[in-house]
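201 is the number that the numbering used here gives to position 200 of the sequence shown; each next residue is one higher, with no gaps. Ideal Cβ positions, reconstructed from N, Cα and C, are used throughout, including at glycine. Reviewing the structure listed below.
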Amino acid sequence: MIKQGDMVRLRPGVYTRIDPAQPPTAEEWIVLRARALAQTTSEPPLFSHLTAAALHGLPVRAPASTKVHITLPPERPGAQSLVVRHRGEVPDDEQVERHGVRFTSLERTMADVARTASFETAVCALDAAFRPVTAPEPGVNDIAAAGELRARVLEITSRSAHGRARALRALAFADGRAQLPGESISRIRLTELGFTRIDLQVPVAGPSGQNYYVDFGLDDARAWGEFDGEKKYRDEAMRSGLSLEDVVLREKQREDWIRGTTQRPFARWKWAHLRSAETLAQRLKSFGIRAR
């Protein structure tokens with residue numbers, strides 16, 4: 002991309018204006034590049050893999066490349082810059098079109114991402130794909146719906162031996178109760194540390210009869226854990242009209258109540274603590290928490 006002020010060239014002849022104060026997210030960049038390619042080709046491409054994931058609104062965490070992904074029939078030639086081409090047949094019922102952009106269906110996209118992306122990238126996308134089906138709100142975990150969706154995706158992955166073992170691992174680990182990519186990566190790190198009894202979105206009765214939901218119940222260590230993303234503090238929409246100070250105070254009161262009523266330690270961590278299992282272990286150790 003060639004940048005000139007706040008104008009960014011996505012492809013030859015296609016530019017977009019961005020706000021330097023609020024640059025696009027990684028997923029928004031992918032969507033912009035996909036739309037630019039769709040505008041400049043004679044035959045609309047079929048976007049797939051991580052590009053289709055972004056078009057479905059799924060998180061794309063740490064992609065290996067910024068190129069867009071398309072799938073072509075095996076016999077069709079094609080070579081374009083900034084494009085990753087995959088060869089294969091995609092049935093009509095595994096394609097969707099929105100606003101003039103063609104891409105693979107959600108189930109096909111989940112299968113392709115599970116087969117080809119890194120474990121961490123795949124789990125973040127798969128957790129988000131399962132969420133509206135199996136866990137649309139805290140406290141809900143529709144195991145039957147999760148099983149049905151997982152079976153449909155596994156049927157698609159079974160058509161090819163390529164990446165099948167990788168897909169099975171990612172799909173078995175995926176859990177729609179993880180509400181953010183940070184929670185998805187947290188589960189991976191906690192598992193790497195040896196925690197085996199990890200519960201998600203655990204309800205704890207609050208002082209007025211309402212439930213507080215905690216990201217992680219670490220039952221191995223009789224402890225609580227939460228990924229402390231910054232968005233709930235910085236995003237005014239998520240603060241529901243409250244000031245930053247009020248949000249921080251409310252979180253402290255909630256945490257104090259949960260710690261006091263359950264008599265369990267309560268650890269919080271941020272993205273910096275998820276760089277590796279070791280960095281998260283050090284963070285948990287400061288709260289007296291370790292896998293048993």
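Gln-81 to Ser-277 span [Cα, whole Å]
Looking up residue 81 in the sequence shown gives position 80. Looking up residue 277 in the sequence shown gives position 276. Cα to Cα, Gln-81 sits roughly 36 Å from Ser-277.
Whose CA, out of Ala-273, Pro-204, Ile-157, lies closest to the CA of Asn-212?
The residue given as residue 212 occupies position 211 in the sequence shown. The residue with the shortest Cα to Cα distance from Asn-212 is Pro-204.
Assign Val-248 to one of three DSSP states: helix, strand, or coil.
Against the sequence shown, residue 248 aligns to sequence position 247. Helix at Val-248.
Give me the Cα-Cα distance between Gly-183 and Arg-284, rounded to the nearest whole angstrom.
Within the sequence shown, the letter at position 182 stands for residue 183. Within the sequence shown, the letter at position 283 stands for residue 284. Those two C-alpha atoms are separated by around 15 Å.
Val-124 bridges to which residues according to DSSP?
Working through the sequence shown from its first residue, we reach residue 124 at position 123. As far as DSSP is concerned, Val-124 takes part in no beta bridge.
Residue-chain proximity (Asp-7, chain D), Cβ-Cβ < 9 Å:
As a matter of chain content, chain D is missing from the structure shown, which is built from one protein chain.
Just how far apart, CA to CA, sit Ala-292 and Phe-174?
Walking along the sequence shown from the start, residue 292 turns up at place 291. Walking along the sequence shown from the start, residue 174 turns up at place 173. Answer to the nearest angstrom: the Cα atoms are 19 Å apart.
Three-state secondary structure (DSSP) at Val-154?
Working through the sequence shown from its first residue, we reach residue 154 at position 153. Here Val-154 sits in helix by DSSP.
If you compare alpha carbons, which of Ile-144, Ile-290, Thr-41, Pro-75 is closest to Asp-221?
Mapped onto the sequence shown, residue 221 falls at position 220. The candidate whose alpha carbon is nearest that of Asp-221 is Ile-290.
Going along the chain, which unbroken runs of the alpha helix (DSSP H) with 4 or more residues stay wholly within the segment 30-82?
50-56
Taking the alpha-carbon of Val-91 as reference, which of Arg-198, Ala-63, Val-84, Asp-113 has the nearest alpha-carbon?
Within the sequence shown, numbered from 1, the residue matching residue 91 stands at position 90. Considering only alpha carbons, the answer is Asp-113.
With three or more C-beta pairs closer than 8 Å as the rule, is the segment 179-195 touching the segment 242-251?
Contact between the segment 242-251 and the segment 179-195 is absent: fewer than 3 CB-CB pairs across the two stretches fall below 8 Å.
DSSP on Thr-17, reduced to helix/strand/coil?
As a working mapping, residue 17 is identified with position 16 in the sequence shown. Note: Thr-17 maps to strand in three-state DSSP.
Quick one: what does DSSP say Thr-135 is sitting in, helix, strand or coil?
Sequence index remark: in the sequence shown, residue 135 carries index 134 (1-based). Residue state, collapsed to three classes: helix.
Run through the DSSP bridge pairs and tell me what Arg-269 is partnered with.
The residue given as residue 269 occupies position 268 in the sequence shown. Per DSSP, Glu-227.
Mapping DSSP to helix, strand and coil, what is Ala-206?
Translated into positions along the sequence shown, residue 206 becomes position 205. It is a strand residue.
Through-space distance from Leu-51 to Ala-118, alpha-carbon basis
Working through the sequence shown from its first residue, we reach residue 118 at position 117. Working through the sequence shown from its first residue, we reach residue 51 at position 50. Approximately 8 Å between the Cα atoms of the pair.
Would DSSP call Asp-257 helix, strand or coil?
For the purposes of this step, residue 257 is taken as residue 256 along the sequence shown, with counting starting at 1. Helix at Asp-257.
Selection from Phe-131, Gly-218, Ala-224 that minimises the alpha carbon distance to Asp-176
What you label residue 176 is simply residue 175 of the sequence shown in a count that begins at 1. Closest option to Asp-176, Cα to Cα, is Phe-131.
Compute the minimum distance between the beta carbon of Asp-176 and the heavy atoms of the ligand ADP, and state whether it is under 8 Å.
With respect to the ligand ADP, the structure offers nothing, as it holds no ligand at all.
When you compare only the Cα positions, how much space is there between Pro-60 and Leu-172?
For the purposes of this step, residue 60 is taken as residue 59 along the sequence shown, with counting starting at 1. For the purposes of this step, residue 172 is taken as residue 171 along the sequence shown, with counting starting at 1. Those two C-alpha atoms are separated by around 16 Å.
Cα-Cα separation between Ser-287 and His-163, rounded to whole angstroms:
Against the sequence shown, residue 287 aligns to sequence position 286. Against the sequence shown, residue 163 aligns to sequence position 162. Roughly 43 Å between the two C-alpha positions.
For a test of the three-state rule: what should DSSP assign to Gly-1, helix, strand or coil?
Outside the shown range of the chain, which is 2 to 293, sits residue 1, and nothing can be said about it.
Rounded to the nearest angstrom, what separates Cys-125 and Gly-261 at their Cα positions?
Sequence index remark: in the sequence shown, residue 125 carries index 124 (1-based). Sequence index remark: in the sequence shown, residue 261 carries index 260 (1-based). Computed Cα separation, rounded: 32 Å.
Once you ignore the five residues that flank Arg-255 on each side, which residues in its own chain have a CB closer than 6 Å to its CB?
In the sequence shown, counting from the first residue as 1, residue 255 sits at position 254. Excluding positions up to five away in sequence, the list reads Tyr-213.
Let me know the secondary structure DSSP gives Gln-211 once reduced to three states.
Position 210 of the sequence shown, counted from the first residue, corresponds to residue 211. Coil at Gln-211, not helix or strand.
Report yes if the C-beta distance between Glu-28 and Ala-53 is below 9 Å; otherwise report no.
As a working mapping, residue 28 is identified with position 27 in the sequence shown. As a working mapping, residue 53 is identified with position 52 in the sequence shown. Not closer than 9 Å, so no.
Kindly list the residues whose CB is nearer than 7 Å to the CB of Trp-272, restricted to its own chain and excluding five residues on each side of it in sequence; keep chain order.
Here residue 272 corresponds to residue number 271 of the sequence shown, with the count starting at 1. The residues are Gly-183.
Using DSSP with H/G/I as helix, E/B as strand and the rest coil, what is Thr-263?
For this step, residue 263 is matched to residue 262 along the sequence shown. Of the three classes helix, strand and coil, the one that applies to Thr-263 here is helix, per DSSP.
In whole angstroms, give me the CA-to-CA distance for Val-69 and Arg-10.
On the sequence shown, residue 69 is found 68 positions in, with the first residue counted as 1. On the sequence shown, residue 10 is found 9 positions in, with the first residue counted as 1. Distance between the alpha carbons of Val-69 and Arg-10 is about 15 Å.
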